[in-house]
Amino acid sequence: MESYLAVGAFLFTASSMLGCYVGMVSPELREFFMEWLRRGVEPLLPRDPVSFMVYVLWSNASKCLGAIVFGVFFGLAPAVFGAANGFVLGIVSVAVSEAKGPAFVVAALTPHGVFEVPAMLFSVAAGLREGWALVRRLNGEDVSLREELKRGLTVYVKLVLPLLVVAAFMESFVAPLVAAYVS
């Protein structure tokens, strides 16, 4: 699993850096992307912390599960999931940093990010492992895709979901307090 985690971490980090770069060199694209997020996501967000926590947990849990379940298709879904998360984090971090400062970005992201990012990376790693199992099977190795999926779902239940529960709690209740303090 370690090598798949490394690949997932590389995809996430590289795409985060790309998102930061795009956000810095193209203010028009950054603003277009931020406006797209505001119009598409903001109206869906519940206002009270408990509903927001449930929304965040459901959103993250379903995406992480999808990265694992659809990983069997050559690992494309988890690769795109990891890269897209990194890119969004990068471009949003630049936009928010310009508006509120880098300390605010760190304060707003750290309380939940230390749980959410590892959960996402474990999901990506499990999905990539399934994709590689398919490649190995197509090359004639005796690999059970069913067993790989079971391993991925075990990682999801025992590791990813608990991390996402903590992350959703932190994002809903702790991060706003820390960010408000830094503001």
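The sequence shown lines up with residues -10 to 172 when you count with the numbering used here.
All C-beta atoms in this analysis are idealised placements derived from N, C-alpha and C, irrespective of residue type, glycine included.
So, are the CB atoms of residue i and residue j less than 8 Å apart?
{"i": "S161", "j": "F41", "result": "yes"}
{"i": "F1", "j": "G71", "result": "yes"}
{"i": "A114", "j": "E137", "result": "no"}
{"i": "S5", "j": "G75", "result": "yes"}
{"i": "A84", "j": "R19", "result": "yes"}
{"i": "L153", "j": "A50", "result": "yes"}
Residue i: which of the options sits nearest, CA to CA?
{"i": "E17", "options": "Y170, I80, L46", "result": "I80"}
{"i": "A167", "options": "T99, F111, G29, M109", "result": "Residue 167 is actually Val in this sequence, not Ala. The candidate whose alpha carbon is nearest that of V167 is T99."}
{"i": "V14", "options": "G29, E87, V163", "result": "E87"}
{"i": "A66", "options": "G120, R140, F21", "result": "G120"}
{"i": "A73", "options": "Y170, A164, P165, A(-2)", "result": "A(-2)"}
Leaving out the 5 sequence neighbours to the left and right, which residues in its chain are closer than 8 Å to residue i when beta-carbon positions are compared?
{"i": "R126", "result": "V132, L134"}
Can you list, in chain order, the residues of its chain with a C-beta nearer than 7 Å to that of residue i? Leave out the 5 residues immediately preceding and following it.
{"i": "V(-4)", "result": "L117"}
{"i": "L78", "result": "S5, G8"}
{"i": "V94", "result": "S82, V85, S86"}
Please work out which residues of its chain come closer than 6 Å, Cβ to Cβ, to residue i, disregarding the five sequence neighbours upstream and downstream, and give them in chain order.
{"i": "K89", "result": "none"}
{"i": "V180", "result": "Outside the modelled stretch of the chain, which goes from -10 to 172, sits residue 180, for which no answer is possible."}
{"i": "A157", "result": "M42, V45, L46"}
Taking the alpha helix (DSSP H) that residue i falls in, what are its first and last residues?
{"i": "R28", "result": "16 to 29"}
{"i": "M42", "result": "38 to 58"}
Entirely enclosed alpha helix (DSSP H) segments - the segment 63 to 145, minimum 4 residues:
Considered as a whole, the segment 63 to 145 harbours 65 to 89, 91 to 127, 134 to 144 as its complete alpha helix (DSSP H) runs of no fewer than 4 residues, in chain order.
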